[in-house]
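Q: Here you go, one structure.
Residue numbers (our numbering): 2 to 190.
Listed below in structure tokens is the structure:
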């Protein structure tokens with residue numbers, strides 16, 4: 002072996018760039034999602050006011066997707082996120098087999114959740130890695146659009162009347178969930 006100028010020449014004549022070998026094995030995530038199975042969920046998207054009642058969105062059996070974007074994220078990550086989330090086999094059928102939310106088929110509730118980006122420092126949470134609010138809103142909007150497109154293109158979902166509901170980016174919202182177990186998964190992109 003001979004090393005020189007960041008390149009390693011192996012006895013076979015192959016060369017390997019040392020930068021690739023020394024790349025951070027745990028790069029910072031660009032997005033984090035928390036997936037929770039539900040039997041029923043309601044999300045308050047507008048609080049009650051003196052002249053109007055609170056406004057809620059709701060889904061029946063399906064998947065709640067809590068989503069947070071980090072600095073450095075761009076629209077390039079959205080297709081991978083949507084494809085992974087909608088196709089991962091987390092939903093249990095009556096026969097005990099696990100299928101994707103598309104194959105179940107089940108409804109989806111997307112909730113923007115900036116607190117997923119928190120990092121404990123001492124006794125406080127810090128959110129320095131979270132994306133800027135304006136960029137986060139755009140990514141969240143693109144995420145919703147691509148989820149809706151995949152649901153609309155899926156025959157099972159269309160026939161079953163599956164819906165996608167979502168929260169409002171940047172707002173505090175009240176959530177009510179009925180679940181058949183604390184069946185929650187975190188995925189980083």
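A virtual CB, placed ideally from N, CA and C, is assigned to each residue, including glycine. Small disclaimer: the values here were computed from a predicted structure and weren't measured.
Per DSSP, residue 60 forms a beta bridge with which residues?
A: Residue 60 is bridged to 42.
Q: My understanding is that residue 65 touches residue 32, with C-beta atoms under 8 Å, so please give their C-beta distance in whole angstroms.
A: Actually they are not in contact, since the Cβ atoms of residue 65 and residue 32 sit about 16 Å apart, beyond 8 Å.
Q: Tell me the DSSP secondary structure of residue 22 in three-state form.
A: With a pLDDT of only 48 at residue 22, under 50, the local geometry of the prediction cannot be trusted, and the value read off the model is given with reservation. Residue state, collapsed to three classes: helix.
Q: Locate the beta strand (DSSP E) running through residue 127, then write down its first and last residues.
A: Its beta strand (DSSP E) spans residues 125-127.
Q: Starting from residue 85, trace the alpha helix (DSSP H) in both directions and tell me its first and last residue.
A: That run of the alpha helix (DSSP H) goes 79-88.
Q: Which whole-angstrom value is the C-beta distance of residue 167 and residue 145, which I expect to be below 8 Å?
A: About 6 Å; that satisfies the 8 Å criterion.
Q: Judging by CA-CA distance, which residue of 105, 157 and 160 is the nearest neighbour of residue 96?
A: The shortest C-alpha separation from residue 96 is found at 105.
Q: Would you call the CB atoms of residue 117 and residue 35 closer than 8 Å?
A: Yes, the Cβ-Cβ distance between residue 117 and residue 35 is below 8 Å.
Q: Answer with buried or exposed for residue 162, where buried requires no fewer than 16 other C-beta atoms within 10 angstroms of its C-beta.
A: By the neighbour-count rule (16 or more Cβ atoms within 10 Å), residue 162 is not buried but exposed.
Q: Are three or more beta carbon pairs between the region 49-63 and the region 75-88 nearer than 8 Å?
A: Verdict: no, contact absent.
Q: Quick one: grab the DSSP three-state call for residue 144.
A: Three-state result, residue 144: helix.
Q: Alpha carbon to alpha carbon, how far is residue 186 from residue 88?
A: Going by the C-alpha atoms only, they are around 14 Å apart.
Q: On the criterion of 16 or more Cβ atoms from any shown chain inside 10 Å, does residue 121 qualify as buried, or is it exposed?
A: Exposed, by the Cβ-count rule.
Q: When DSSP labels each residue in this structure, what does residue 32 get in the three-state scheme?
A: Strand, per DSSP.
Q: Shortest alpha-carbon distance to residue 94 belongs to which of 140, 85 and 107?
A: Per the Cα distances, 107.
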